[in-house]
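Student: Chains as they are written, first to last, in our numbering: chain A, 1 to 119; chain B, 1 to 236. Ideal placement from N, C-alpha and C gives every residue a C-beta, glycine not left out. Model, not experiment: these values are computed from the prediction. Dropping a structure here in structure tokens format, bear with me for questions.
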């Protein structure tokens, strides 16, 4: 779960149906369901860019955009190594951090840093 | 000729539509790799939650399958400490005013208290089964830790480093979040697709709402039907 306290929204990474669910904290009801890549796990929100990121174990970071509090769209399933279950955002730099345990199927242990492209 | 032109136009449009549908990058690239660096410990072992200590500019990285938690300097991308004795570390949460962080140790069912000045575990709190995600409610000095398999939420007083409450549910508990605007803790009851709201003043559950697509429809249908029949009964 990630939160947008300013707009009273919660973002839920639902593993079983692989849907990113937007929950309205005033109405206490979901208002949007967006499809994700397989094995969604940790979800984070960057309010500065209006982006929601979900680390998907099958090998992607699902990237969504908050157009406004009620409207959301998927930007990309950004491909990463298999078995990446987690992500962190530095909200000052908008950089993402994802640890990898595999590289092309071989064991690895490393941190990968991404910058947000916003053009 | 006109038929051929229309066919050509249709073909081009169809190709563009298909390209858009199947392109992995239909909206343009959103991320760009800046750097990567090796971490200590064996390869192939699963990582779990990350959190950022904005005061020290540290990235805290729980590594479930290696039983380690890394403190990484975001300015230099160097690992400044490897915290051991965090067996099966899943959740990790930072408490800024006390310069401590807490790990959810799924393998020995404990919550580890890590002093950032000493860079070591200073206390372990026994909890239910498989502690996982956690969140910090700063104004209340309380840490909420989901015991996923224990179907519980442990409430830790971070000033005493004691578990002061354990909330029991009839579902596995997912990642909790503290909302600083509403001053509430939210919790996903993941077996039931229920969004629960906890008041950190009383540690009571004050609301439960369906989250899933079909559950929500059924809930609204049931509620509307009950309202409809109640009104019909009142009118009779």
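In the DSSP output, what is residue 156(B) paired with across the bridge?
Tutor: 143(B), 163(B)
Student: Beta-carbon within less than 8 Å of residue 64(B)'s beta-carbon, same chain only, minus the 5 sequence neighbours each way: which residues are those?
Tutor: 45, 46, 47, 48, 88, 89, 90, 106
Student: Please name the residue in 67(A), 99(A), 13(A) whose C-alpha comes closest to that of residue 190(B).
Tutor: 13(A)
Student: Taking residue 23(A) as the query, report the chain B residues whose CB atoms sit under 7 Å from its CB, ordered along the chain.
Tutor: 195, 211
Student: I want to verify the contact list: residues of chain A whose CB lies under 9 Å from the CB of residue 51(B), in sequence order.
Tutor: 88
Student: Does residue 76(A) have its Cβ less than 7 Å from a Cβ in chain B?
Tutor: yes
Student: Whose Cβ in chain B lies nearer than 8 Å to the Cβ of residue 20(A)?
Tutor: Per Cβ cutoff of 8 Å: no residues; residue 20(A) is ~12 Å from chain B at best.
Student: In whole angstroms, give me the CA-to-CA distance for residue 110(B) and residue 28(B).
Tutor: 44 Å
Student: Quick one: grab the DSSP three-state call for residue 102(A).
Tutor: Here residue 102(A) sits in strand by DSSP.
Student: Could you give the distance in angstroms between the alpha-carbon of residue 41(A) and the alpha-carbon of residue 108(B)?
Tutor: 23 Å
Student: Can you tell me whether residue 129(B) is buried or exposed? The criterion is at least 16 other CB atoms within 10 Å of its CB, across all chains shown.
Tutor: Residue environment for residue 129(B): exposed (fewer than 16 other C-beta atoms within 10 angstroms of its C-beta).
Student: Taking one C-beta from the segment 159 to 169 of chain B and one from the segment 121 to 135 of chain B each time, how about it: are there three or more such pairs within less than 8 Å?
Tutor: Short answer: they touch.
Student: Verify the CB distance criterion: does residue 11(A) have a CB-CB separation below 7 Å to chain B?
Tutor: For residue 11(A), not one C-beta of chain B is nearer than 7 Å to its own C-beta.
Student: Using beta-carbon positions only, say whether residue 64(A) and residue 31(B) come within less than 7 Å of one another.
Tutor: no
Student: Mapping the DSSP letters down to three states, classify residue 15(A) as helix, strand or coil.
Tutor: coil
Student: Taking the alpha-carbon positions, what's the residue 105(A) to residue 84(A) distance?
Tutor: Taking the straight line joining both Cα atoms gives about 12 Å.
Student: Near residue 116(A), what residues of its chain come up, given a Cβ to Cβ distance below 8 Å and the 5 sequence neighbours on each side ignored?
Tutor: Same-chain partners within the cutoff: 46, 49, 51, 94, 95, 96.
Student: Thinking C-beta only, is residue 50(B) closer than 7 Å to residue 86(A)?
Tutor: yes
Student: To be precise: take each residue of the segment 30 to 54 of chain B, compare its Cβ to all Cβ atoms of chain A, and keep it if any distance is under 9 Å. Which residues remain?
Tutor: 30, 31, 32, 33, 34, 35, 36, 37, 38, 39, 40, 41, 42, 43, 44, 45, 46, 47, 48, 49, 50, 51, 52, 54
Student: Which residue from 79(B), 170(B), 42(B) puts its Cα closest to that of residue 36(B)?
Tutor: 79(B)
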